[in-house]
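Residues 2 to 1230 (the working numbering) are what the sequence shown spells out, left to right. C-beta atoms are modelled at their ideal positions from N, C-alpha and C, and glycine is treated no differently. Okay, so here's the structure we're looking at.
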Amino acid sequence: MTNTNGPQGDSLTKEKKCCCDNYCRELGQKAFQKKPISIDLDHLLRTQLNRCLRTMDLIGYGIASMVGGTIFVLTGTISRNKSGPATFVAYILAGFIAILNATTYAELSCRFPKAGSTYTYVYVLLGELPAFLAGWSILLEYVLSISTVARGWSSSLNALTGGAIGNWTTDHVGRLDKPNGFFAEELDFVAAGMVILVVVTTCFGMEKSAWLNLVLTAINVGVLTLAAIFMLIYAQPDLLTIPLPSNVTWSSFLPLSNLTPFLPYGITGLVAGTATCFNAFIGFDMLSMCAEEANDPEKSIPRANVISVLLVTLLLSVSTLALIMYVPWYLLDIGAPFLEAMRNGPGDATAANVLFYVVGVGCLIGIFSNLLTSAIGAPRILYAMSQDGLVFTGFAKVTEPFKTPIIASIPVAVIAALLTMVFSISSLADFMCLGTLIAYSMCSLGVLILRYCPAPEKLIAAARIPESSGNTEIDQEKEELARQYGDTIETKDQTSSVKYDFPGGSNIDKPGYLKAKWAKFLPHRMVKCMTMNREPGEVCKVNMGFFVLFVLLLHFTVLIEPYALPIGWTYWRIAGAILWLLSLLCCGLVFSMHRQFRGPRPNLFRLPMVPFLPCVTVIFNAVLISQLSWMTWARFFIWVGLVMCITSYLILSLVFAFGHCDFTNTDVVQTVYADSHIIRYDAEITLDLPDGPLGVYHYPIDSEIYGHLSFIEAKIDPKTPLSVDRFREGSNMTGFVIAIPNESAGKRLKFTVSSFFTGLLKPKPTKILQADKQFVEFVTNVAYYSAYPTKRVTTTVVLSPGDVLFYTIDLQPVHKSATKIKYGPFENIPPFDKRIAKFNYENGSPFLAVTNLERSIEVSHWGNIAVENKVSIRNYGARLTGPFSRLDYQRGVGHQISVATIKSVLPASARDIYYRDEIGNISTSSVKPLYSSVEVLIAPRFPLFGGWKTFFVLGYNVPAHEYLYRKGSSFALKMSFMDFLYEELLVDEITLRIVLPETVSNVKVEVPFEVERLPDEVLKTFLDTTGRTVLVIRKTNLIEAHIQDFTVYYDFNMISMLREPAMLIAAFLLLFIVIIVYVRLDFSISEDKMAELQQRAQASVDEILSLQNKRSAIYQTFEDVVSNYKSSKDSDRFKADYRKVEADYKAISQKISSMQSKLREFWTEGADKVAELQKLDLDYHGLLSKGISLAESVISGKISKPQYQTEDSNLSAKKAALIKRMEAIAESL
């Protein structure tokens, strides 16, 4: 029987083998892929956090992180079981090793000033799988720190209670293990409960502020210093050399040594004690967490690292020395050595008793601070790893409203509680130290990679500049870029004078390759082997692997249980030690033969004596690791087993992420539009689809540019879009899946994927004059980045009109036309292939971006919707340097690189349009109604050049019936997510607030793209009761394609619209009722006689004053009558007028006398004043009568006129004095 399908079967087998090979290659790449770091150093230093921490702040934070529970908890077990009286020496040695590791961290935190510490550094330098192991080790460090410190807190509390807690547990539960054993003596329920309580507390959003941390640290350091001073006063130096008594009932796992009483367990015990003491310095890596908040990380981080470790070393060693000289080392308590020493030690009993409780409370506070720090950090590490897809993605969920990773806190609390309840302090401390030292050693190896391998910020392909360009500024910038990022561009100071006849010989004396002087010295074959076809730093990477191997072999040969041999060292140990030491020296020599890469910026801190210090640090860390017990290693391998299980899950996740692997890209035509500041990639993909179910097409995006992606869409033709979704959560890939219609099976399918990116263009040069042209730098992959093999690909890069300074011509074939550069066709492209091309060309389009857009939409069911846009806008183009000339600008100089007007397009129904900036209305702007829209031309007060920014508010109203739809009591609001503010729109961040009417319910929002839904707000305006619901939506990196409609569904009872008018009517009605009731009713409870008398007296006084005013008017009438008599000399008329005025005067005087009598009934004092007023009135009346007599005498000629005038003047003066006195009495009434 013949097989007719043989060729087809062979083809299928080859395709599957190719698919398997591609998958294995990709799996290897993903396992060691590195976290991308931006090439833009300004972007690297950019952070949302406040860079406010000074060097002193960082030193305080470092001390707070290191001085925790170790000194109070572990000193007793280190002294009794490992170091004896030399424990303070162990702290000094541990501090020395900590300084070596701290300086390593200092360089990494200065180079990468980002939060994340060890996990981030290893991810950037070593790759994903080492980062997973490092992150797992750091997580283990935090969990064990919680367990160890919680047991120390319980031991201190037990000591304060006189052992009551431990005795109760022993009596009611029983013992778990013997004293000083692997497990705890008894189950520690108090410590387990404390762990759960602290972790639960952190889930409620509790954050350790800087001042609270300093207060707790000050208490901790103060208590430790006070105890050390007291112990030094009563110190006994002889205790440093006291031997171990023969009647001691406990035994250590280390054998006793006869070397010296100062080292009862010998050098091995001192090294083992140093390994455990190293736990006290583990907190120094927390300083690197603050690198993103440091004011000047390049200077403050190294200083703070070294100074804080030195201060902590001094404090711990002196305190331990005081403790050892105060109480014999073999009598120290394992759980609470300082407290028990205060209870049982020598000295003044009263002072010791007081210090016992002071130190006890201080211990509890200080240990609690350290416990809280670890309880906050552990879930965050798990959360960070989950965000990167390295552990289960469920741990990355943040729970509202506390904004804390509660899901990640659950396993931390459970594991830490179980460990602290079951294991002893010594075993927990050993286990904690192992994972930490492994992570620190990875960072030391990372420094070697940083020095001898290309910069991880970004690898840039060499771009050849046409010889005719002659642009010296571009040449200088190119060479500077090459020096910083390891480009293979030859310069005069780097090229070796010796020429070699093998490929790659010109790389000698360049970073990552052999130095020229060593190349001259070494044999030609060795130089050729170490240089030809080698990537920069490749030899150093291999050498680093051998270095790690030789370190392990040395410690297995020399340090692993040397005390177990009864006759000392054998010859094979001596020979092995010499061999491995020589091998390590050879590895260090190989490192020294290679030239290091320079730092990316001039003032960057760099670790001195590289490679010596990183290698020594790794060796010392290995020494400490080798002294840990075998049970510690067993537990670590169990922990690594969990790692392997999770790794298996990730591999399966990766398999499911790829899905089907049967696709092959037949032809890809890729067009890159780089003619504006928004880069558009159009990939026209042709597939020959197999028969059967098709599944999805995976469209990965390079992780280096994935963060710049703004929008993506796929379509067969303009009327046939394809579904595009992100890779499923936890797939550990960056990209999308595109649904392929099953009806296309067995056919050739052609579809187009359009993706838009922002922030990929960098102005170069970064500063220009007003008359200069703007040039940009653009780096892109001209090969099709795909998860599948590609048979043929052609890429066309479309540039803006203008000069092209340089472009990559190494990638042949390449063809350049006016504004287009075509690469390819390239054939048989493997999956995930990269062919990097770089361009520097003129791009005159302004890099205009809305840095922040606050858009509010207020819905009113009375028929109106109010829209307001608060726009902060900036030109991100090349910064304008030098003076700005308005006259030159009017002549057209600088128009191309600036923005003079902004044209916005609003809905056609927009009305009541307003636009203003921070000063007021923009009078130079205008509104132009069109048939289908309204154009608003906004002219800022000054043109926007590169680096310039402005702010304006654009608002309008639209009728509600065009955007609000109703069905019964259900409503739907459908509006645009944002307005068309200008052409080539780019919005860095938008915050959309939708203000709904009061009393809405069942609110649901639908947006056609991914957004971040923030907690709802409540807006209270006039006549509101419960307030209006405000939906808050935020999104970043938007372009014009995001101008799409969103829909808000909600329920609203139309009767609720009458609430505000009814409230207004009811309020006015209630006000009228209150006024009527207040005016009409007398609310007094009893009669007030005094008030009544006062009212009557006041009424009488008012009437008297009124009569007095009338009488004063009569005085004037008297004067008028006399004056008329003197002029007319008619005595008959005078007498008639006088009698009339006199009668009125007497009537008023009689009324005043009557009122005086009434007033005396209830106010005697007032009546007396009225009587005095009456007396003065009589005197005044007498003066009036005398004046009449004088007038008659002068008329009849009895006296002369001069005599009359003299007499009349005297009378007038007297009358004025009387009137003044009468007015004073009237005012007193």
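- By the CB criterion at 8 Å, L126 and I382 fall outside the cutoff.
- Between E1007 and T1048, the alpha-carbon positions lie close to 5 Å from each other.
- In its chain, beyond the 5 residues on either side, G864 have a beta carbon closer than 8 Å to the beta carbon of H962.
- By the neighbour-count criterion, in which a residue is buried when 16 or more other Cβ atoms sit within 10 angstroms of its Cβ, L94 is buried.
- Counting C-beta atoms within 10 angstroms of its own C-beta, E341 has 16 or more neighbours from the protein chains shown and is therefore classed as buried.
- Considered as a whole, the segment 811-875 harbours 815-817, 821-830, 837-843 and 849-861 as its complete beta strand (DSSP E) runs of no fewer than 3 residues, in chain order.
- Here the alpha carbons of S1186 and G1198 stand approximately 19 Å from one another.
- Judged by pairs of C-beta atoms under 8 Å, the segment 436-453 touches the segment 533-548, as three or more such pairs exist.
- DSSP places R967 within a strand segment (E or B) once states are collapsed to three.
- Boundaries for E1228: no beta strand (DSSP E) harbours it, while the alpha helix (DSSP H) harbouring it runs K1202 to S1229, taken from the DSSP string.
- Between V216 and the set W169, V68 and T902, the nearest pair of CA atoms involves V68.
- DSSP places R1029 inside the beta strand (DSSP E), whose first and last residues are R1029 to I1040.
- For G736, the closest alpha carbon among the candidates D703, G760, S745 and L723 is that of D703.
- If you ignore the 5 residues before and after D1017, its C-beta comes within less than 7 Å of the C-beta of T1030, V1031, L1032 and V1033, all in its own chain and listed in chain order.
- Bridge pairing for Y808: F840 [DSSP].
- Inter-residue distance for N306 and I377 is about 22 Å (C-alpha atoms, whole angstroms).
- Short of 8 Å from the beta carbon of I325, and not among the five residues preceding or following it, lie these beta carbons of its own chain, in chain order: S80, P86, T88, F89, L240 and L241.
- By the CB criterion at 8 Å, T687 and K751 fall inside the cutoff.
- Nearest to R967 by alpha-carbon distance, out of H862, N870 and R892, is H862.
- Apart from the 5 residues on each side of it in sequence, S155 sits with its Cβ closer than 6 Å to the Cβ of D189, V191 and A192 in its chain, given in chain order.
- Going by DSSP, D1138 is part of the alpha helix (DSSP H) stretching over S1132 to F1163.
- When only Cα atoms are considered, A107 and I302 end up about 6 Å apart.
- Look at the beta carbons and you see the segment 914-928 not touching the segment 873-883: under three pairs across the two are nearer than 8 Å.
- Shown here for V670: same chain residues with a beta carbon closer than 6 Å to its own, the five before and five after excluded, namely E685 and T795 in chain order.
- With a minimum length of 4 residues, the unbroken runs of alpha helix (DSSP H) contained wholly in the segment 264-349 fall at 267-278, 287-290, 298-327 and 338-345.
- In the DSSP assignment, H1043 falls outside any alpha helix (DSSP H), carrying neither H nor E.
- Beyond the five residues adjoining it in sequence on each side, I416 comes within less than 7 Å, by CB distance, of V144 in the same chain, given in chain order.
- Taking all protein chains in view, the Cβ of T902 is surrounded by fewer than 16 other Cβ atoms within 10 Å, so the residue is classified as exposed.
- Sorting V543, V937, S157 and R856 by C-alpha distance to the C-alpha of D913 places V937 at the top.
- Under the three-state reduction of DSSP output, V1006 falls in the strand class.
- In the displayed model, S933 falls within coil according to three-state DSSP, outside both helix and strand.
- Here the alpha carbons of G600 and T437 stand approximately 28 Å from one another.
- By the neighbour-count definition (other C-beta atoms within 10 Å, threshold 16), Q1117 is an exposed residue.
- Counting along the chain, F598 sits inside no alpha helix (DSSP H), nor does DSSP assign it H or E at all.
- Within the DSSP secondary-structure output, N666 pairs in a beta bridge with L688 and T791.
- When DSSP reads this structure, N782 sits in a beta bridge with I837.
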